[in-house]
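Chains as they are written, first to last, in the numbering used here: chain S, 10 to 224; chain D, 7 to 16.
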């Protein structure tokens, strides 16, 4: 495992920590899209179907369990926690799941590496992850006074995918036959979706003003 | 071998 991959995973993990911290410390999930969180949970469930059948390393298994566990914990906080669930911006978080899930499912049925249920579901999770941030980005644009932790959370999620691209470049040059078109193109699309956010995030950080996205 | 390689990322 190279340094970019490890850094990517750690940043991804940190994004979960920041999100749970924000929700728990403020007892509020204001500005967080439940739709994006549900889509991420679906992504992890679909991708880690091989959790018990395909052992790669202790590291991989542990991280998969942590990602799954944290995703479900966040869903519980946002949907089931008495105090926190009333802070959810239900009226603002209006993105339709089907606009994302359906095209990704169709694409996975059409473009995949092997015609097996496991492979198609895995490919679906790759496509869905690329676009799962969209409800969150739309909600951010609608939210006035984005708090720092929410901004940092989205930044870390984008950074994670950016680091994975460096990891793929590194692997392409160091590992023979390492070519992963589906993963690479999806990962690049996923990272591009963050570029606009990055621009405003870095600008607000440099000017030392509160993050606000133009609507 | 490549099947395993493909699934070693999170």
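Every residue, glycine too, gets a C-beta built ideally from N, C-alpha and C.
Which term fits residue i, buried or exposed, when burial requires 16 or more other beta carbons within 10 angstroms of its beta carbon?
i: residue 138 of chain S; result: buried
i: residue 85 of chain S; result: exposed
i: residue 184 of chain S; result: exposed
i: residue 46 of chain S; result: buried
i: residue 6 of chain S; result: Here chain S comprises residues numbered 10 to 224, so residue 6 of chain S is not present and cannot be evaluated.
i: residue 67 of chain S; result: exposed
i: residue 153 of chain S; result: exposed
i: residue 218 of chain S; result: exposed
i: residue 62 of chain S; result: exposed
i: residue 205 of chain S; result: exposed
i: residue 178 of chain S; result: exposed
i: residue 52 of chain S; result: buried
i: residue 32 of chain S; result: buried
i: residue 7 of chain D; result: Residue placement at residue 7 of chain D cannot be trusted, given a pLDDT of 46 that sits under 50; the coordinates are not used to answer.
i: residue 10 of chain S; result: exposed
i: residue 99 of chain S; result: exposed
Using a Cβ-Cβ cutoff of less than 7 Å, which residues in the same chain neighbour residue i once the five nearest sequence positions on both sides are dropped?
i: residue 129 of chain S; result: 117, 118 and 121
i: residue 192 of chain S; result: 135
i: residue 30 of chain S; result: 158
i: residue 175 of chain S; result: 13
i: residue 17 of chain S; result: 169, 172, 173 and 176
i: residue 165 of chain S; result: 20, 23, 24 and 27
How is the alpha helix (DSSP H) around residue i delimited, first residue to last?
i: residue 10 of chain S; result: Residue 10 of chain S -> no alpha helix (DSSP H), and no H or E assigned at all.
i: residue 136 of chain S; result: 126-140
i: residue 164 of chain S; result: 157-183
i: residue 114 of chain S; result: 106-119
i: residue 58 of chain S; result: No alpha helix (DSSP H) holds residue 58 of chain S; DSSP gives it neither H nor E.
i: residue 150 of chain S; result: 143-151
On a Cα-Cα basis, can you pick out the residue from the options that is closest to residue i?
i: residue 94 of chain S; options: S/40, S/215, S/140 and S/105; result: S/40
i: residue 57 of chain S; options: S/65, S/12, S/73 and S/44; result: S/73
i: residue 77 of chain S; options: S/12, S/11, S/48 and S/97; result: S/48
i: residue 23 of chain S; options: S/197, S/172, S/162 and S/35; result: S/162
i: residue 28 of chain S; options: S/15, S/174, S/83 and S/203; result: S/83
i: residue 144 of chain S; options: S/106, S/75 and S/207; result: S/106
i: residue 19 of chain S; options: S/202, S/207 and S/172; result: S/172
i: residue 127 of chain S; options: S/34, S/38, S/55 and S/32; result: S/55
i: residue 42 of chain S; options: S/11, S/111, S/168 and S/146; result: S/146
i: residue 13 of chain D; options: S/25, S/101, S/187 and S/155; result: S/187
i: residue 155 of chain S; options: S/38, S/87, S/88 and S/220; result: S/220
i: residue 213 of chain S; options: S/110, S/160, S/123 and S/11; result: S/160
i: residue 87 of chain S; options: S/182, S/181 and S/37; result: S/37
With a CB to CB cut of under 6 Å and the five nearest residues on each side skipped, what residues in its chain are close to residue i?
i: residue 222 of chain S; result: 149, 150 and 209
i: residue 113 of chain S; result: 133, 136 and 137
i: residue 104 of chain S; result: 44, 144 and 147
i: residue 203 of chain S; result: 167
Can you find the residues in the same chain that come closer than 8 Å, C-beta to C-beta, to residue i, ignoring five residues on each side of it along the sequence?
i: residue 224 of chain S; result: 150 and 151
i: residue 199 of chain S; result: 138, 139, 140, 142 and 170
i: residue 70 of chain S; result: 60 and 64
i: residue 81 of chain S; result: 50
i: residue 195 of chain S; result: 135, 136, 138 and 139
i: residue 197 of chain S; result: 174
Does the beta-carbon of residue i, which I'm using as the reference point, lie nearer than 7 Å to any heavy atom of the ligand NAP?
i: residue 92 of chain S; result: Among the components modelled here there is no ligand, and therefore nothing to report on the ligand NAP.
Residue ranges of each alpha helix (DSSP H) run of no fewer than 4 residues wholly in the segment 12-46 of chain S, ordered along the chain? 12-35
Start-end ranges of the alpha helix (DSSP H) lying completely within the segment 186-218 of chain S, minimum 4 residues: 190-215
In the segment 65-93 of chain S, which residue ranges form an unbroken alpha helix (DSSP H) of at least 4 residues, counting only runs that do not cross its ends? For the segment 65-93 of chain S, whole alpha helix (DSSP H) runs of length 4 or above, ordered along the chain, are 67-89.
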